[in-house]
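K.L.:
Numbering follows the UniProt record's numbering, in which position 289 of the sequence shown is assigned residue number 289; successive positions increment by one, without gaps.
One structure, as structure tokens, below. Some questions next.
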Amino acid sequence: MVTRRLDGLLHGDYLGLLPGPGSEPGEAREYRAGDDVRRMDWPVTARTTTPHVRTTIADRELETWLAIDLSPSLDFGTVGMLKRELAEGAVAAFSYLAGRGGNRIGAVVTEGGPAKAIPPRPGRGGARSLLRAVTSLPRGEGADRLKAEGRNAHEHGLAELIDKTRRHARRRGLAIVVSDFLEDEEHPSDWPRELRRLAVRQQVLCVEVLDPAELALPDVGVLDLMDPETGATVEVQTGNARFRARYAEAAAEQRARIAAGIRSGGAAHLRLSTGSDWLRDIAAFVAERRHLAAYR
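What follows is the structure, given as structure tokens:
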């Protein structure tokens, strides 16, 4: 399904998944406002008496690392799929996109415990192997699994996942963080700081997965809700319009903090929802990035 949908929407040569400046010299063109003056082609400028810049060709052999968060908070969904399934779908799509041309793909995965690394392998075979490893991880009941294993959800957070990805990604390339970016507010981790450290050598994309019910509660009467990370339960009355409004406001503030953290880390941001056509959202995002890069 991923291959068919993305092949139909993304054609032609690519300049990396998230187009970067590259390192190989390309053709010269006239200078446009906003161009990096460090790329001025002075011989052509002197010959034509018109400012020219030298374009660069993005490296074809790209090493991509996926930081995949499959913590218990992703075992939730209200629109036909779990956030975990959406995260796995995003991993499949980006593995397909990044694995073309023999590019190498590796991953660091966590399910709420210590992050585990999957060494990078080239091409489609490497992408399929990585996807099998990710989807074959045991799927538990969140808090029950953590309790049985004697672990707390906050012991191994998003910051640790990003840090381990940085340590494994020794070559310059692309890093993709797939997560819902939700953490225990009593034990928050400084993941924006780790994101900034990762972005020093890597081009970084953060893929935020969410469910529509996390943004606005439906009016369905009394609900018993459980935090999959801690097992804590709470009863809420969704029939109260004022309560639903406060919930929506708090959810918007939470997502704004996540977006600000991603921006401060110097990463690109893609939001995917279980209630939308996520494959088309991915294709539109990549196409937009390429279009913007063409005019830089």
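Ideal Cβ positions, reconstructed from N, Cα and C, are used throughout, including at glycine.
Of all the options Ala-245, Ile-105 and Pro-192, which has the alpha carbon lying nearest to the alpha carbon of Ala-133?
P.N.:
Ala-133 has its Cα closest to that of Ile-105, out of Ala-245, Ile-105 and Pro-192.
K.L.:
Considering Ser-273, what are the terminal residues of the beta strand (DSSP E) in which it resides?
P.N.:
From DSSP, the beta strand (DSSP E) with Ser-273 extends over 268 to 273.
K.L.:
According to the Cβ coordinates, are Ala-69 and Leu-130 closer than 8 Å?
P.N.:
First, the amino acid is wrong: residue 69 is Asp here, not Ala. The answer is no: Cβ separation not under 8 Å.
K.L.:
Buried or exposed for Gly-77, going by 16 or more other Cβ atoms inside 10 Å?
P.N.:
With 16 or more Cβ atoms within 10 Å of its Cβ, Gly-77 is classed as buried.
K.L.:
Would the stretch 88 to 104 and the stretch 165 to 184 be scored as touching if the rule is three or more Cβ pairs under 8 Å?
P.N.:
Short answer: they touch.
K.L.:
So which of Glu-229, Thr-238 and Cys-206 has the shortest CA-CA distance to Ala-213?
P.N.:
Residue Thr-238 is the option with its Cα nearest to Ala-213.
K.L.:
Across which residues does DSSP place Met-40 in a beta bridge pair?
P.N.:
According to DSSP, Met-40 bridges with Val-53.
K.L.:
Which residue spans inside the stretch 71 to 142 form an unbroken alpha helix (DSSP H) run of at least 4?
P.N.:
Counting whole runs of 4 or more residues, the stretch 71 to 142 contains the alpha helix (DSSP H) stretches 83 to 98 and 123 to 135.
K.L.:
In this structure, does DSSP put Ala-232 in helix, strand or coil?
P.N.:
Looking at Ala-232 - three-state DSSP - the assignment turns out to be coil, as it is neither helix nor strand.
K.L.:
Whose C-alpha, out of Arg-100, Glu-85 and Ile-262, is nearest the C-alpha of Thr-274?
P.N.:
With distances taken between Cα atoms, Thr-274 lies closest to Glu-85.
K.L.:
Around the Cβ of Asp-219, are there at least 16 other Cβ atoms within 10 angstroms (buried) or fewer (exposed)?
P.N.:
Answer is exposed; the Cβ neighbour count stays below 16.
K.L.:
Can you tell me whether Gly-173 is helix, strand or coil according to DSSP?
P.N.:
Looking at Gly-173 - three-state DSSP - the assignment turns out to be strand.
K.L.:
With Ala-67 as the anchor, note down where its beta strand (DSSP E) starts and where it stops.
P.N.:
It spans 63 to 69 - the beta strand (DSSP E) in which Ala-67 sits, taken as one unbroken run.
K.L.:
Excluding the 5 residues preceding and the 5 following Ile-162 in the sequence, name in chain order all residues of the same chain whose CB lies nearer than 7 Å to its CB.
P.N.:
Ala-67, Val-177, Trp-191, Glu-194, Leu-195 and Leu-198.
K.L.:
Any idea what DSSP makes of Ser-264, helix, strand or coil?
P.N.:
Three-state DSSP puts Ser-264 in a helix.
K.L.:
What do you reckon, are the CB atoms on Leu-270 and Leu-205 nearer than 8 Å?
P.N.:
Result yes, Cβ atoms of Leu-270 and Leu-205 sit closer than 8 Å.
K.L.:
Cutting at 7 Å between CB atoms, please list the residues of its own chain near Asp-41, excluding the five before and the five after it.
P.N.:
So the list reads Ala-28, His-52, Val-53 and Arg-54, once near-sequence residues are dropped.
K.L.:
Three-state secondary structure (DSSP) at Asp-281?
P.N.:
Residue state, collapsed to three classes: helix.
K.L.:
Only counting the same chain, and skipping five residues up and downstream in sequence, which positions put a Cβ closer than 8 Å to that of Ile-261?
P.N.:
According to the sequence shown, residue 261 is Gly rather than Ile. Excluding residues within five positions, the ones whose Cβ falls inside 8 Å are Phe-181, Trp-191, Pro-192 and Leu-195.
K.L.:
Which same chain residues end up closer than 7 Å to Thr-165 when comparing Cβ atoms and leaving out the 5 residues on each side of it in sequence?
P.N.:
Excluding sequence neighbours, Thr-165 sits near Trp-65, Ala-67, Val-108, Ala-175 and Leu-198.
K.L.:
Which residue's Cα is closest to the Cα of Gly-221: Pro-228, Asp-227, Glu-208 and Phe-243?
P.N.:
Residue Phe-243 is the option with its Cα nearest to Gly-221.
K.L.:
Helix, strand or coil: how does DSSP classify Asp-163 here?
P.N.:
It is helical.
K.L.:
Is Ala-216 helix, strand or coil by DSSP?
P.N.:
Residue state, collapsed to three classes: coil.
K.L.:
With respect to the alpha helix (DSSP H) encompassing Glu-194, which residues constitute its N-terminal and C-terminal limits?
P.N.:
Run containing Glu-194: 191 to 199, per the alpha helix (DSSP H) assignment.
K.L.:
Can you tell me the Cα-Cα spacing of Ala-216 and Glu-249, whole angstroms?
P.N.:
Cα to Cα, Ala-216 sits roughly 9 Å from Glu-249.
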